[in-house]
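Heads up: the sequence lines are chains A and B, in that order.
In terms of this note's numbering, the first sequence opens at residue 2 and continues consecutively.
In terms of this note's numbering, the second sequence opens at residue 24 and continues consecutively.
Each remark here refers to the structure printed beneath this line.
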Amino acid sequence: DAKTTQPPSMDCAEGRAANLPCNHSTISGNEYVYWYRQIHSQGPQYIIHGLKNNETNEMASLIITEDRKSSTLILPHATLRDTAVYYCIVRVAVRGSTLGRLYFGRGTQLTVWP
Amino acid sequence: EAGVAQSPRYKIIEKRQSVAFWCNPISGHATLYWYQQILGQGPKLLIQFQNNGVVDDSQLPKDRFSAERLKGVDSTLKIQPAKLEDSAVYLCASSLEVGLGAFFGQGTRLTVV
Numbered sequence: 002d003a004k005t006t007q008p009p010s011m012d013c014a015e016g017r018a019a020n021l022p023c024n025h026s027t028i029s030g031n032e033y034v035y036w037y038r039q040i041h042s043q044g045p046q047y048i049i050h051g052l053k054n055n056e057t058n059e060m061a062s063l064i065i066t067e068d069r070k071s072s073t074l075i076l077p078h079a080t081l082r083d084t085a086v087y088y089c090i091v092r093v094a095v096r097g098s099t100l101g102r103l104y105f106g107r108g109t110q111l112t113v114w115p
Numbered sequence: 024e025a026g027v028a029q030s031p032r033y034k035i036i037e038k039r040q041s042v043a044f045w046c047n048p049i050s051g052h053a054t055l056y057w058y059q060q061i062l063g064q065g066p067k068l069l070i071q072f073q074n075n076g077v078v079d080d081s082q083l084p085k086d087r088f089s090a091e092r093l094k095g096v097d098s099t100l101k102i103q104p105a106k107l108e109d110s111a112v113y114l115c116a117s118s119l120e121v122g123l124g125a126f127f128g129q130g131t132r133l134t135v136v
């Protein structure tokens, strides 16, 4: 199964860039990497996803290494409201299904401090 | 655009009772997911629908959990009978199609006493 490894916690000063790493060394060639975040007592929120190329949207940037074994989510200017659990997710194979399943680990608790 | 709607928001029941949760996905989203999130853990997929067909229910405890999406739109998740270990947040999510980002509802927090 392709799964992910993330540090359990990180912190960041408000206004600075937050760089959240993720290892997914067993990812297969056609699997996307997804990032979600979950603010306390809310449902997970989709942030970004990518396959090979770096991606950027209004929320964040995603940097994927050339060998695709790891990626980094970058919040360029972290705010207090970015305090949340961040999940790096890949799709794992499911017997009998061609679609696979998104596997959530425990994620990284990011704390942004003033 | 309206998000994924779930109800109820909270539910407290006694063990061995039954409970049902309802989900209305984002309009036009073909893929619907039910996740269980136990406190301190990441969400775990229970069942995934593509329109009204089940794609993956391998992690659904079928002796007590059931789910349906009859018309390919709304979905219900039922637990009968509930156990103490079913206490969790039940999240519904939908996506336009598999492979795209999924949008989650606020969840239903179930407490079994």
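Think of the CB as a built atom: it goes at the ideal place given N, C-alpha and C, for glycine as much as any other residue.
Nothing here was measured: the structure is a model prediction, and the numbers come from that model.
- For B:S89, which residues from the same chain have a beta carbon less than 7 Å from its beta carbon, with the 5 sequence-adjacent residues on both sides left out? K101
- Residue-level contact to chain A via CB, B:L68, 8 Å cutoff: yes
- Nearest to A:N31 by CA position, among A:N54, A:M11, A:A61 and A:H41, is which residue? A:N54
- Message: I'd like to know whether the C-beta of A:Q7 is nearer than 8 Å to at least one C-beta of chain B.
- Response: no
- Report yes if the C-beta distance between B:I130 and A:R107 is below 8 Å; otherwise report no. Checking the sequence, you will find Gly at residue 130 of chain B rather than Ile. Cβ atoms of B:G130 and A:R107: not closer than 8 Å.
- Item | Member of B:S81, B:E120 and B:P104 whose CA lies at the smallest distance from the CA of B:Y58 | B:S81
- Distance between A:N24 and A:P77 (C-alpha atoms, nearest Å): 20 Å
- Message: Counting only beta-carbon separations shorter than 8 Å, does B:F127 have a partner in chain A?
- Response: yes
- Item | Exposure label - A:D2; buried when at least 16 CB within 10 Å | Low per-residue confidence applies at A:D2: pLDDT is 48, beneath 50, and the placement is therefore not dependable, though the value from the model is reported in the following sentence. So A:D2 ends up on the exposed side.
- Message: Check this for me: beta carbons of B:T134 and B:W45, under 8 Å apart or not?
- Response: no
- Is there contact between the segment 68-77 of chain A and the segment 36-55 of chain A, where contact requires at least three CB pairs shorter than 8 Å? yes
- State the Cα-Cα distance for the pair A:I40 and A:Q110, rounded to the nearest angstrom. 10 Å
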